[in-house]
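For reference, the structure is listed below as structure tokens.
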Amino acid sequence: MSAALLAPALDPAPAAPDRAASLPAAPVPPSPGLAKESRLPALWAGTRGSPLALAQTREVLALLGGEGMTGGRPVRARVVGTTGDRVQGRRLADIGGKGLFTKEIHEALLDGRVDFAVHSLKDLETELPPGLVIAGVLPREDVRDALVLGPAVPPVFRRGALPELPQGARIGTASVRREAQLRHLRPDLRFGLLRGNVGTRLRVLEGGDFAATLLAMAGLRRLGLEHAAVMALDPEEELVPAAGQGIIAVTAREEDVETRRLFAMIDHRPTRIAATAERALLASLGGSCRTPVGAHARMLPGGRLRLTGLLAREDGSFLLKRGLEGAPGDAARLGQELGAWLRAGSPADILP
Numbered sequence: 281m282s283a284a285l286l287a288p289a290l291d292p293a294p295a296a297p298d299r300a301a302s303l304p305a306a307p308v309p310p311s312p313g314l315a316k317e318s319r320l321p322a323l324w325a326g327t328r329g330s331p332l333a334l335a336q337t338r339e340v341l342a343l344l345g346g347e348g349m350t351g352g353r354p355v356r357a358r359v360v361g362t363t364g365d366r367v368q369g370r371r372l373a374d375i376g377g378k379g380l381f382t383k384e385i386h387e388a389l390l391d392g393r394v395d396f397a398v399h400s401l402k403d404l405e406t407e408l409p410p411g412l413v414i415a416g417v418l419p420r421e422d423v424r425d426a427l428v429l430g431p432a433v434p435p436v437f438r439r440g441a442l443p444e445l446p447q448g449a450r451i452g453t454a455s456v457r458r459e460a461q462l463r464h465l466r467p468d469l470r471f472g473l474l475r476g477n478v479g480t481r482l483r484v485l486e487g488g489d490f491a492a493t494l495l496a497m498a499g500l501r502r503l504g505l506e507h508a509a510v511m512a513l514d515p516e517e518e519l520v521p522a523a524g525q526g527i528i529a530v531t532a533r534e535e536d537v538e539t540r541r542l543f544a545m546i547d548h549r550p551t552r553i554a555a556t557a558e559r560a561l562l563a564s565l566g567g568s569c570r571t572p573v574g575a576h577a578r579m580l581p582g583g584r585l586r587l588t589g590l591l592a593r594e595d596g597s598f599l600l601k602r603g604l605e606g607a608p609g610d611a612a613r614l615g616q617e618l619g620a621w622l623r624a625g626s627p628a629d630i631l632p
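Encoded structure:
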């Protein structure tokens, strides 16, 4: 399987200036035979500097430290500034796409400033730079999108259901996927650009510029802000999420077998299977940040994998959704087949 999807896990074996994040080194129990642990080189994690990115990195570092898996090496975080974080007033599609959240981190990993990097999987390109692989994924958090209402929404409309939003309500978002699905459901809604980290978007919403916004439930939960959501939307019936939503992914250098083996030991197989199917669908469509695409895979009680895919026009005037089922071992093929079906059933203007 190519780096465009997920690198196979190894078998476990016996631009802006960077700065160290204010994250404590994960506690690592003393290893037998290591008299002076402090002399061992640190294992550095690259991360964005947003509160959510740092929370996700803490989760990875705590997992490594709690398992005592690093052979006594301290694990620390290094914040790497990204263009996507610095430029907030424009859509990602207008300034280069989702790679703007990862380009500088990829560079830090390739030149050795960090040993691995922690990402929201939905921010990772389907084709990683040569020499980098996805070394591991953590168990998926809540995959759903959450509706958050502003204070100006009258009490009669605050029960949470999307159809009950006020007529002509203005929604803040930077996601063409969310906007297209909402426009399809409610053509009367109006939209404005709302970007920034979770806290920034909540503050803008509180200021009254928008009636509502949509945020990933996973991010709200990781920040302890799930109370802000009035409802979470069903990922198959109401709002199909982005491929990889709710998943923390760790990238490493392909040649760094030691680090890859480390993350192979914590790689979560059900999440990897779901991510493989979703990213295969995304890669098969070859869409840009301007193309509304949704993907959600889940294991069924009988052990089969179900994948839901969505392709839409940005203005919501066209929306196609379908689900397929198959064996978990065929996750990549399932994604490719569903992507081909969506492409074949859509107007020519939607995809390049």
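The working numbering puts the last residue of the sequence shown at 632; the count rises by one with no breaks.
Heads up, the beta-carbon is just placed ideally off N, CA and C, and yes, glycines get one too.
Sequence-distant residues of the same chain with beta carbon closer than 6 Å to residue i, five excluded per side
| i | result |
| --- | --- |
| residue 330 | 477 |
| residue 539 | 395, 396 and 532 |
| residue 519 | 425, 461 and 513 |
| residue 318 | At residue 318, the pLDDT of 45 sits below 50, so the modelled position is not reliable; the number obtained from the coordinates is stated separately. Taken in chain order, the list of residues that qualify is empty. |
| residue 434 | none |
| residue 353 | 320 and 323 |
| residue 506 | 500 |
| residue 605 | 584 and 586 |
Buried or exposed (CB count within 10 angstroms, at least 16 for buried), residue i
| i | result |
| --- | --- |
| residue 459 | buried |
| residue 608 | buried |
| residue 400 | buried |
| residue 628 | exposed |
| residue 452 | buried |
| residue 455 | buried |
| residue 514 | exposed |
| residue 398 | buried |
| residue 333 | buried |
| residue 336 | buried |
| residue 549 | exposed |
| residue 620 | exposed |
| residue 392 | exposed |
| residue 524 | buried |
| residue 407 | exposed |
| residue 359 | buried |
| residue 502 | buried |
| residue 326 | buried |
| residue 558 | buried |
| residue 338 | buried |
| residue 580 | exposed |
| residue 570 | exposed |
| residue 470 | exposed |
Same chain only: Cβ atoms within 7 Å of residue i, ignoring 5 sequence neighbours per side
| i | result |
| --- | --- |
| residue 479 | 331 |
| residue 526 | 420, 421, 422, 423, 496 and 498 |
| residue 457 | 522, 572, 573 and 574 |
| residue 529 | 399, 401, 404, 414 and 417 |
| residue 468 | 447 and 448 |
| residue 508 | 428, 482 and 500 |
| residue 474 | 452, 453, 454, 481, 484, 490 and 493 |
Terminal residues of the alpha helix (DSSP H) in which residue i lies
| i | result |
| --- | --- |
| residue 350 | Careful: residue 350 lies outside any alpha helix (DSSP H) and carries neither H nor E. |
| residue 537 | 537-544 |
Cβ distance (whole Å) where residue i is taken to contact residue j below 8 Å
| i | j | result |
| --- | --- | --- |
| residue 449 | residue 492 | 6 Å |
| residue 425 | residue 494 | 5 Å |
| residue 618 | residue 589 | 5 Å |
| residue 578 | residue 554 | 6 Å |
| residue 623 | residue 565 | 6 Å |
| residue 466 | residue 445 | 7 Å |
| residue 543 | residue 416 | 3 Å |
| residue 362 | residue 385 | 7 Å |
| residue 431 | residue 488 | 7 Å |
| residue 603 | residue 586 | 6 Å |
| residue 591 | residue 600 | 5 Å |
The beta strand (DSSP E) enclosing residue i, as first and last residue numbers
| i | result |
| --- | --- |
| residue 531 | 528-533 |
| residue 327 | 323-327 |
| residue 358 | 355-359 |
| residue 513 | 511-513 |
Close Cβ partners of residue i (< 8 Å) along its chain, the five nearest in sequence each way excluded
| i | result |
| --- | --- |
| residue 411 | 390, 533, 534 and 535 |
| residue 547 | 289, 415, 416 and 417 |
| residue 658 | Because residue 658 is not part of the residues shown, which for the chain are 281 to 632, the question remains open. |
| residue 626 | 591, 598 and 600 |
Subject >> Continuous alpha helix (DSSP H) assignments of at least 4 residues falling wholly in the segment 389-418 >> reply: none
**OP:** Output the residue ranges of the alpha helix (DSSP H) runs that lie fully inside the segment 418-499 and measure 4 residues or longer, sorted by chain position.
**Re:** 456-465 and 478-486
Subject >> Completely contained beta strand (DSSP E) runs for the segment 586-613, where each covers 3 or more residues >> reply: 599-606
Subject >> Every unbroken beta strand (DSSP E) inside the segment 562-587 [3 residues or more] >> reply: 573-579
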